[in-house]
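Note that the sequence shown ends on residue 573 in the UniProt record's numbering; no numbers are left out.
Down below is the structure, laid out as structure tokens.
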Amino acid sequence: MYNNRPILQLPDYLINQIAAGEIIERPSSIIKELLENSIDANSMNIEIYIDGGGIKNITVIDDGMGIPHNELSLSLQRHTTNKIYNLSDLRNITSMGFRGEALASISSITRLEIISRTKKDNHAWQVSNTDFLVKPWQGKVGTIVSANQIFDNIPARRKFLRSEYTELAHCITAVENIALAHPKISFKIYNKNQIVKQFLKTDYEQRIYDILGKKIQENSIKVSMSNEIMEISGILSNNADINHKHNYRYLYVNKRYIHDRIITHAIKTAYSDISYGRQPPSFIIFLNVDPDSIDINVHPTKNEIRFLTGNVVYQFVLKAINNAISSFSIKDIVAHKEKSDNQEESINRVPEQVSMDYTYSNTESLELLTVSEDVNDNKEHPLGLAIAQLHGTYILAQNSSGLIIVDMHAAHERIIYEELKDSFKSRKIQTQKLLSPIISRTKEKLVQLLEEYEEWFNMLGFEIKPYTPDSIAIYCIPSLLSGHDVDNLAIDMLEELSSMGHSILIEEYSNRIISTIACHCSVRANRKLHINEMNALLRKMETTRRSNQCNHGRPTWLYWSLKHIDKMFLRGQ
Ligand SMILES: Nc1ncnc2c1ncn2[C@@H]1O[C@H](COP(=O)(O)OP(=O)(O)OP(=O)(O)O)[C@@H](O)[C@H]1O
Ligand SMILES: [Mg+2]
1 MYNNRPILQL
11 PDYLINQIAA
21 GEIIERPSSI
31 IKELLENSID
41 ANSMNIEIYI
51 DGGGIKNITV
61 IDDGMGIPHN
71 ELSLSLQRHT
81 TNKIYNLSDL
91 RNITSMGFRG
101 EALASISSIT
111 RLEIISRTKK
121 DNHAWQVSNT
131 DFLVKPWQGK
141 VGTIVSANQI
151 FDNIPARRKF
161 LRSEYTELAH
171 CITAVENIAL
181 AHPKISFKIY
191 NKNQIVKQFL
201 KTDYEQRIYD
211 ILGKKIQENS
221 IKVSMSNEIM
231 EISGILSNNA
241 DINHKHNYRY
251 LYVNKRYIHD
261 RIITHAIKTA
271 YSDISYGRQP
281 PSFIIFLNVD
291 PDSIDINVHP
301 TKNEIRFLTG
311 NVVYQFVLKA
321 INNAISSFSI
331 KDIVAHKEKS
341 DNQEESINRV
351 PEQVSMDYTY
361 SNTESLELLT
371 VSEDVNDNKE
381 HPLGLAIAQL
391 HGTYILAQNS
401 SGLIIVDMHA
411 AHERIIYEEL
421 KDSFKSRKIQ
431 TQKLLSPIIS
441 RTKEKLVQLL
451 EEYEEWFNML
461 GFEIKPYTPD
471 SIAIYCIPSL
481 LSGHDVDNLA
491 IDMLEELSSM
501 GHSILIEEYS
511 NRIISTIACH
521 CSVRANRKLH
531 INEMNALLRK
541 METTRRSNQC
551 NHGRPTWLYW
561 SLKHIDKMFL
571 RGQ
């Protein structure tokens, strides 16, 4: 079709429009680029004016270093930048921009005006893309960039924009995404000259609350870890309400807001250990790495990066999140809840209830709840001392400041899970040979799967072999399981394996299977416990990692402070 046409060099305006097509999807993309320029210019105060959802006008005013007047017109040309000069700079990017094409792209799809003044200038200078002439102007040190009539010259693009309201929301989100990682800079957002949001200079934590609201703090876990080459900080929020409605996922690498599968997967994997099948938490994570170890030049919008050593980053993030989850002790939570009870005036929320449908089994071994001598001592324990059992399901305990309600099955399940996982990791699972093998009939598909995983079952303390094409034989089990219904357990494990597919990591396999075992072996509801057993369980919970949630993500215990109970009875009011 084109074989009779000569090859020609494209004119600049067309090149710029093609580039703009990649960078500027909608008005909010312009805001992102302008804010990044202001940040690179060391601005401390940035104001963003939006009109008509950003379609009519976007103006960004900063108090940064300004653009020298002899470079003003050049800044609108493509591939002009003061951020990198050579290949080694490109490999070591510390600024937000570096491609030297944002202003040229914006200029190709808007009417653009820049007013700028450096500290050395006596007055400001102005340039616009109508004549590209630099003229003396009035103005303070810093830069004002104003983009009007966005996409007016590209009706096809314009057609795809949504309502003013939706575009405004995108614009505000673009500011927030950047503001989260720059708490030392103040941001003010105006819509039609009315201030709609302002974020004053503060620290990271306060900026998160200013943007996402205080609720994100409830049930949140702080993440913080560093080594010689990387550091990570941020928070994970278990607030069910927030996770359900928003599921915030903010990921920053060297303060750049990015999407990254490696880090997101590491966070999900760490969390899968405490909440199978549940939504992962909301997170705001800041990762700082050596600029040399990443490549930002992956996508024109610069919101993706490539790690040179992705696996090292994955392991680092996984460890940091795991540490954060396990170091959040029961003591911290009780203290936190007491504090928030004191702060909040009215709490009418009925704590989440857990409904379970388990049947009573007399044959369960008591061994699982080994009672040590000192479980009934008079020491002050975070989860207090047991006082009663409620409907064979919950343990009621009191500490010096309130009432604790423990879901005994959920709590015990977590304890067994962590113990099994530790012994599996250290290869110290004690096994017990059965006097006669247990034969169970099952689907042929599962018997075949067993052949594939036989060795792996051995590592978990089982000796299970195919018996006939549609039955399996269990010869040996982990000692911890003696007295339990293991034939169903073996089939459940195989079912679980067959549903998982091959894509997940071996550690994830093991954890899920260990979780199935833990669920089978923990004390069932309706089992009467002696007060010593209840205290033994409480003490175990206090020293077990992640014992605040069972392996399915349900809470294992709730706490009502006396203050809160007094309030419910309107005492002292
Ligand atoms: N607000 C500002 N304050 C000071 N200098 C600015 C500002 N905005 C732009 N500049 C100057 O104009 C140049 C061109 O900006 P532009 O955004 O097009 O490119 P860049 O930021 O270098 O790279 P990228 O295309 O990746 O954003 C910048 O390199 C910078 O020198
Ligand atoms: Mg830029």
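Cβ atoms here follow ideal geometry from the backbone N, Cα and C, with glycine treated the same way.
Of the heavy atoms belonging to ligand 2, at least one sits nearer than 8 Å to the Cβ of D40.
Counting along the chain, N288 sits inside the beta strand (DSSP E) bounded by residues 282-289. Relative to ligand 2, the beta carbon of E36 is positioned inside 8 Å of a heavy atom. For P136, the closest of K379, T130, Q126 by C-alpha to C-alpha distance is Q126. In this structure, the C-beta of M230 stays at least 8 Å away from each heavy atom of ligand 2. The residues I216, S220, P281, S282, in chain order, have a CB closer than 6 Å to that of S237 in the same chain once the five nearest residues on each side in sequence are set aside. Spatial neighbours of I405 in its own chain (CB-CB distance under 7 Å, excluding positions within 5 residues in sequence) are listed in chain order as Y394, L396, W557, L558. With respect to the 9 Å criterion, N57 and V134 are not classified as neighbours on the basis of their beta carbons. Distance from the Cα of L449 is smallest, within the candidate group R99, K465, E113, I439, for K465. Relative to ligand 1, the nearest heavy atom lies less than 8 Å away from the CB of D62. Pairing P27 with I55 gives a Cβ-Cβ distance under 9 Å.
DSSP links F199 through a beta bridge to F187. Within its own chain, the residues whose Cβ lies closer than 6 Å to the Cβ of R158, once the five positions on either side in sequence are excluded, are F151, listed in chain order.
By the Cβ-count criterion, V253 is buried, with 16 or more other Cβ atoms from all chains shown falling within 10 Å of its own Cβ.
With fewer than 16 other beta carbons inside 10 angstroms of its own, R571 counts as exposed. Placement of the Cβ of A102 at a distance of less than 8 Å from at least one heavy atom of ligand 2 is found. Here E33 is buried, its C-beta having at least 16 other C-beta atoms within 10 Å. In the displayed model, C550 falls within coil according to three-state DSSP, outside both helix and strand. For L385, the secondary structure class from DSSP, reduced to helix, strand or coil, is strand. Checking the DSSP bridge columns, you'll see C519 has no partner listed. A156 is positioned such that its CB atom lies no closer than 9 Å to that of S29. For the 9 Å CB-CB criterion, L168 and G53 form a contact. When DSSP reads this structure, D51 sits in a beta bridge with N57.
Membership of A320 in the alpha helix (DSSP H) is indicated by the continuous run 310-327. Short note on G97: C-beta closer than 8 Å to some heavy atom of ligand 2.
Around A473, the same chain offers P437, I439, K465, Y467 as residues with beta carbons nearer than 6 Å, after the five sequence neighbours per side are excluded. Under a 10 Å Cβ-count criterion, M568 is classified as exposed, with fewer than 16 other Cβ atoms of the shown protein chains found around its own Cβ. If you draw a straight line from the Cα of S479 to the Cα of Q549, it is about 25 Å long.
In this chain, the alpha helix (DSSP H) harbouring Y417 covers 408-425.
The continuous alpha helix (DSSP H) containing N16 extends over residues 12-23. Going by beta carbons, D295 and L308 fall inside the 9 Å limit. Residue pairing by DSSP places C476 opposite K433, E463 in a beta bridge.
In the three-state reduction of the DSSP assignment, D566 falls in the helix class, which pools H, G and I.
Ranked by Cα distance from E304, the first of H409, F316, M96 is M96. Residues of the same chain with a CB within less than 8 Å of the CB of N399, apart from the 5 flanking positions on each side, are V334, E380, H381, P382, L383, G384, L385 in chain order. The C-beta distance from E413 to C519 rounds to 6 Å, short enough to meet the 8 Å contact threshold.
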